[in-house]
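Numbering (this note's numbering), first residue to last: 29 to 241.
First comes the structure, then the notes that go with it.
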Amino acid sequence: ALGLETCVTLGMLTAAQARRLQAAGLEFYNHNLDTSPEFYGNIITTRVYQDRLDTLAHVRDAGLSVCSGGILGMGESRRDRARLLQQLANLPQHPESVPINLLVRVEGTPLFDAASFDPLEFVRTIAAARILMPKSIVRLSAGRTSMSDEQQALCFFAGANSIFYGEKLLTTPNPQTDSDARLFERLGLKRLSAGPASAPDCYTIRGLKRLPR
């Protein structure tokens, strides 16, 4: 009735649970792989990598669209980032939505002291995701508050075509909507109205503009 896509994140699913969500009207299900299979055990110990792949299979088999990506800056190597994208690209069908998050270092958490992540390495990962999954929506997700306008611009020009917006993403801050609107205006990005779950783009580039110094 509102013309909005529905997407939830509820953790691991059985096949029966995925079918019930689809019957209730859900369109997208988010379940990130987070990182490479090789680095995964350094970050997550409550479930194995195959559990995540199984959940994505249940989601797809139920007729739902898949939203799955990862987190960069957790101490992984470039090879780990490539392996994450390889896992996503080698799914039976590319995810409709691929959120790429930058680690938000929260005081009191195990990764608070993680080394700063090279901004250009983030851009390279966005570009690789676009090349490997040309029809997926590549979403800039958590961590944008620590990115400059220039870094975000490079991400859009490298292939990102969506953002998550609002005051917060879970418990971490997110750029204000008016800040995003100003950036899009400077870059010539045109926001598209909500469409069907299969819509390929969330933002299109009308023209590249040089950022003022």
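Backbone N, C-alpha and C define an ideal beta-carbon position, used for all residues, glycine too.
My output table needs one value for D62: the three-state DSSP class, helix, strand or coil. In the sequence shown, residue 62 corresponds to position 34, counting from 1. Looking at D62 - three-state DSSP - the assignment turns out to be strand.
Can you give the Cα-Cα distance for G53 and C183, rounded to whole angstroms? Stepping through the sequence shown from its first residue, residue 53 is reached at position 25. Stepping through the sequence shown from its first residue, residue 183 is reached at position 155. If you take the alpha carbons of G53 and C183, they lie about 32 angstroms apart.
Taking C-alpha atoms, which residue in S93, R47 and G31 lies nearest to N58? For the purposes of this step, residue 58 is taken as the residue at position 30 of the sequence shown. With distances taken between Cα atoms, N58 lies closest to S93.
Under three-state DSSP, which class holds T200? Against the sequence shown, residue 200 aligns to sequence position 172. Strand.
For L160, the first and last residue of its enclosing alpha helix (DSSP H): What you label residue 160 is simply residue 132 of the sequence shown in a count that begins at 1. From DSSP, the alpha helix (DSSP H) with L160 extends over P147 to L160.
Beta-carbon within less than 7 angstroms of P170's beta-carbon, same chain only, minus the 5 sequence neighbours each way: which residues are those? Translated into the one-based positions of the sequence shown, residue 170 becomes position 142. The amino acid at residue 170 is misidentified as Pro; the sequence shows Ala. Taken in chain order, the residues that qualify are N129, L130, V132, L197 and T200.
Going by Cα to Cα distance, which pick from Y68, L49 and S125 is closest to D89? On the sequence shown, position 61 is the one that residue 89 refers to. For D89, the closest alpha carbon among the candidates Y68, L49 and S125 is that of L49.
Between the Cα of D146 and those of E66, V126, H86 and M102, spot the shortest distance and give me the residue it belongs to. Within the sequence shown, numbered from 1, the residue matching residue 146 stands at position 118. Of E66, V126, H86 and M102, the residue nearest in Cα terms is M102.
Can you list, in chain order, the residues of its chain with a C-beta nearer than 8 angstroms to that of T205? Leave out the 5 residues immediately preceding and following it. Along the sequence shown, read from residue 1 onward, the residue named residue 205 stands at position 177. Excluding positions up to five away in sequence, the list reads Y193 and G194.
Unbroken alpha helix (DSSP H) run spanning R88, endpoints: Residue 88 sits at position 60 when you count from the first residue of the sequence shown. Counting along the chain, the alpha helix (DSSP H) containing R88 begins and ends at Y77 to D89.
Buried or exposed: where does A181 fall if 16 or more other Cβ atoms within 10 Å of its Cβ makes it buried? In the sequence shown, the residue the question calls residue 181 occupies position 153. So A181 ends up on the buried side.
Three or more beta-carbon pairs under 8 angstroms between the stretch 108-121 and the stretch 58-74, yes or no? Below 8 angstroms, enough C-beta pairs join the stretch 108-121 and the stretch 58-74 to call them touching: three or more.
Classify R133 as helix, strand or coil using the three-state DSSP reduction. Translated into the one-based positions of the sequence shown, residue 133 becomes position 105. In this structure, R133 counts as coil in the three-state DSSP scheme.
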